[in-house]
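Have a look at the structure below, then the notes.
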């Protein structure tokens, strides 16, 4: 029999899979990738540090305008941070009265117990909501016992929030640079993803800032701790990891076959 | 707060280096290329307590294995079962002479470590391979696991665990991703870097004589696998990881069962931590790199406690009005998030593992790990607390069986 008689006419030879156990991206795919990406992300951080006052200014002006539409009249205050002053918003917010504090405390405690025993609720969500309720309980208890010792005004919270946001923007390129550099795609794509997440973070941070100030204005200082600890910086990881996961998923689809092609010896 | 951030950063660097090694570094292959006709006699142990839902499948899978029948025996340990497990085992024993039944009844203490200890007394093989009852080994698994013992330095081997019921619900999908990160990246990188791959108590094997010389399994410790790993390394033996040897397992399908499982693992691991902490640091057989990795591995269940401490610290500082310190909290939260989003494997490790595994759309549920993370903080802290009490009161922890979910099983 001639060899050509037995030669398969499909492309089966090029797609014989090898086992996933020792599959790698390989050093050639990521040659200088870490250096390149760290330089790019470093540059992004330099840009943020150089222009943060403009970014924060955009955030503050947008928030002030939108809050004005919600009948909350905020004033802009200059606040020193790092190399120059930044603008932050200040407005009035009600101090919780004893009755309101007791109601929040009791409702939060009941919620914690309810979540603990409500077995039909998705367990991780119950724990998360329990965590939020527990913070509210502690905060309410503080306002019942030592209301005069509460150390913050809205301007302090604004300052904390804005500075935290700046920290998040500086951290995003570092974290994503390290998490993405070894993946099998070009540096430009990774840079674009990081830049996109950064823009998303600025918009998300602005909307959240408005929402926080609105809740504090309507609800009082009692919710300040829950807002910061439950929906603050830790919450930012949801969208960072969310975009990362979508990107890796797209890479996995694109490379599903190309990565596993067996390299024939002849 | 600074100490917490430093510790979290060390773990972040550790996992990042594992991820880089697994994707970009040279892979240290396993021993599967060794050809040897003189295969060791292997005793396969399956501890079983009320396993009527899964018993037939593990036995069928083992009987299908390509290992020579005259070089293996299957020791099915009926550990105080009250369901139809005993009947199933008896039926299989009559049909297949290589199956040996060890019945543990009456006042004997129940639990995997004591069951394995009893089975060691009757095992004929010099190599012991262990499977939990809900596992379904691949056809070549026994040979692949046993062959590494041709290397005289190897004391134990661990294969890769792959969930079989991944598509059941969200929890099983999350566990599948977590397992992927833990084995495809973490264990393989530790194997590559000659650090401390972990023997996991199932889909793994060990030398019988070595374990007997070590005094068998400690019946006071719930995580007999972690205990054996550290015992072996401290005495100069190596544990190797066989990423090629895949075995399917059934993972918990509801959160209550998963929570109990995590608590048990945490308790057992922390019991091992108390036992091996100083012997590990003093061992003359380990180099600095191995000791450091062993130390981090041994203390890994302390991370949720450290995180909880950090969070509590943050609350206190917040209400004390320490705004300047509060500014640094986001650093803590970010390092914490970066490091532990996936609990046992950080998000970048899971993402990388899923990519290597060819997982496509499932990766997109990665952000949901944040809720899972809070659940595990709670469960692991409870486990740590229990382990501490076990240590202080010198009490024996009761063994808790993980519920099975398999449907359409022949019983």
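Residue numbers (the working numbering), protein chains in the order written: chain A, 1 to 266; chain B, 1001 to 1411. The beta-carbon is built from N, C-alpha and C at its ideal position, and this holds for glycine as well.
- CB residue 184 (chain A) to CB residue 1371 (chain B), shorter than 7 angstroms? For residue 184 (chain A) and residue 1371 (chain B), no; Cβs fall outside 7 angstroms.
- Item | Pick from B:1202, B:1289, B:1243 that is closest to residue 1044 (chain B), judged by C-alpha positions | Closest by alpha carbon: B:1202.
- Query: Per DSSP, what kind of secondary structure is residue 1083 (chain B) in: helix, strand or coil?
  - Reply: In this structure, residue 1083 (chain B) counts as coil in the three-state DSSP scheme.
- Return the first residue and the last residue of the beta strand (DSSP E) that residue 75 (chain A) is part of. Residue 75 (chain A): member of the beta strand (DSSP E) spanning 75-81, first to last residue.
- Using the beta-carbon of each residue, which ones in chain A are nearer than 9 angstroms to residue 1347 (chain B)? Taking the beta carbon of residue 1347 (chain B) as reference, the chain A residues within 9 angstroms of it are 179, 237, 240, 241, 244, 245, listed in sequence order.
- Within the 7 angstroms Cβ cut-off, does residue 1142 (chain B) reach chain A? Chain A, which has no Cβ nearer than 7 angstroms to the Cβ of residue 1142 (chain B), makes this no.
- Taking C-beta pairs closer than 7 angstroms, name the residues in chain A that residue 1363 (chain B) reaches, listed in chain order. The answer, in chain order, is 245, 248, 249, 252.
- Query: Interface residues of chain A around residue 1319 (chain B) at Cβ under 7 angstroms?
  - Reply: The contacting residues are 142.
- Query: Rounded to the nearest angstrom, how far is the Cβ of residue 1306 (chain B) from that of residue 1088 (chain B), given a contact under 8 angstroms?
  - Reply: Their Cβ separation, rounded to whole angstroms, is 45 angstroms, which puts residue 1306 (chain B) and residue 1088 (chain B) out of contact at 8 angstroms.
- Item | residue 230 (chain A): contacting residues in chain B (beta-carbon distance under 9 angstroms) | In chain order: nothing, as chain B lies at least about 10 angstroms away.
- Query: Can a CB atom of chain A be found closer than 7 angstroms to the CB of residue 1411 (chain B)?
  - Reply: Its pLDDT being 38, under 50, residue 1411 (chain B) is placed unreliably in this model, and the coordinates cannot settle the point.
- Which class does residue 88 (chain A) belong to by DSSP, given the choice of helix, strand or coil? Assignment of residue 88 (chain A) by DSSP, reduced to helix, strand and coil, places it in the strand class.
- Do the CB positions of residue 1180 (chain B) and residue 1357 (chain B) come within less than 7 angstroms of each other? The Cβ atoms of residue 1180 (chain B) and residue 1357 (chain B) sit closer than 7 angstroms to each other.
- Between the Cα of residue 1396 (chain B) and the Cα atoms of B:1239, B:1402, B:1386, which residue gives the shortest distance? Checking every option, the nearest Cα to that of residue 1396 (chain B) belongs to B:1386.
- Item | For residue 1104 (chain B), three-class secondary structure by DSSP | In this structure, residue 1104 (chain B) counts as strand in the three-state DSSP scheme.
- Please determine if the region 159-168 of chain A and the region 220-235 of chain A are in contact, where contact requires at least 3 C-beta pairs separated by less than 8 angstroms. Yes: the two stretches touch, three or more of their Cβ pairs being nearer than 8 angstroms.
- Message: Please report the distance separating the alpha-carbon of residue 1172 (chain B) from that of residue 1033 (chain B).
- Response: Residue 1172 (chain B) and residue 1033 (chain B): Cα-Cα distance of roughly 34 angstroms.
- Item | Nearest-angstrom Cα separation, counted from residue 1078 (chain B) out to residue 20 (chain A) | Cα-Cα distance, rounded: 36 angstroms.
- Task: Check the C-beta distance from residue 127 (chain A) over to residue 1177 (chain B) and give it rounded, since I have them as a contact under 8 angstroms.
- Result: Not really, about 19 angstroms apart at Cβ, beyond 8 angstroms.
- Message: Between residue 25 (chain A) and chain B, is the shortest Cβ-Cβ distance under 7 angstroms, so that the two count as touching?
- Response: Judged by the 7 angstroms Cβ criterion, residue 25 (chain A) is in contact with chain B.
- Message: Check whether the region 1230-1239 of chain B and the region 1275-1283 of chain B touch, using three or more Cβ-Cβ pairs below 8 angstroms as the test.
- Response: Contact between the region 1230-1239 of chain B and the region 1275-1283 of chain B is present, because at least three Cβ pairs lie under 8 angstroms.
- Task: Tell whether a beta-carbon distance below 7 angstroms holds between residue 1147 (chain B) and residue 248 (chain A).
- Result: No, they are not a contact pair.
- Task: Quick one: grab the DSSP three-state call for residue 1242 (chain B).
- Result: Taken through DSSP and simplified to helix, strand or coil, residue 1242 (chain B) comes out as strand.
- Looking at residue 1266 (chain B) and residue 1301 (chain B), is the spacing between their C-beta atoms short of 7 angstroms? Yes; because the gap between Cβ atoms is below 7 angstroms, this pair is in contact.
- Task: Run down chain A in chain order and give the residues with a C-beta less than 7 angstroms from the C-beta of residue 1020 (chain B).
- Result: Going along chain A in sequence order, the residues near residue 1020 (chain B) (Cβ under 7 angstroms) are 182.
- Got a sec: is the Cβ-Cβ distance from residue 81 (chain A) to anything in chain B below 7 angstroms? No - not a single Cβ of chain B is within 7 angstroms of the one on residue 81 (chain A).
- Excluding the five sequence neighbours on either side, which residues of its own chain have a C-beta within less than 7 angstroms of the C-beta of residue 1019 (chain B), listed in chain order? Taking C-beta separations shorter than 7 angstroms and ignoring five residues to either side along the sequence, the partners of residue 1019 (chain B) in its chain run 1185, 1348, 1349, 1352, following chain order.
- Identify the contact partners of residue 20 (chain A) in chain B, using a Cβ-Cβ distance below 7 angstroms as the criterion. Neighbours of residue 20 (chain A) on chain B, chain order: 1356, 1357, 1358.
- State the DSSP-derived secondary structure class of residue 209 (chain A), mapped to helix, strand or coil. DSSP places residue 209 (chain A) in helix when its eight states are reduced to three.
- DSSP three-state call for residue 1152 (chain B): helix, strand or coil? In the structure shown, residue 1152 (chain B) falls within a coil segment according to DSSP collapsed to helix, strand and coil.
- Message: Could you check whether the Cβ of residue 256 (chain A) sits closer than 7 angstroms to any Cβ belonging to chain B?
- Response: Put simply, the CB of residue 256 (chain A) is near chain B, with a gap under 7 angstroms to one of its CB atoms.
- Residues that residue 131 (chain A) contacts on chain B, provided the C-beta gap is smaller than 8 angstroms: Close to residue 131 (chain A), with beta-carbon spacing below 8 angstroms, are these residues of chain B in chain order: 1374.
- Nonlocal neighbours in the same chain, by C-beta distance under 7 angstroms from residue 1028 (chain B), ignoring five residues either side: Same-chain partners within the cutoff: 1191, 1192.
- Residue environment, residue 1378 (chain B), which counts as buried when at least 16 other CB atoms sit within 10 Å: With 16 or more Cβ atoms within 10 Å of its Cβ, residue 1378 (chain B) is classed as buried.
- If you drop the 5 nearest sequence neighbours on each side, which residues of the same chain put their C-beta closer than 8 angstroms to that of residue 175 (chain A)? Only 240 meet the Cβ criterion.
- For a contact meaning CB atoms closer than 8 angstroms, what does residue 339 (chain A) contact in chain B? Since the first and last residues shown for chain A are 1 and 266, residue 339 (chain A) lies out of range.
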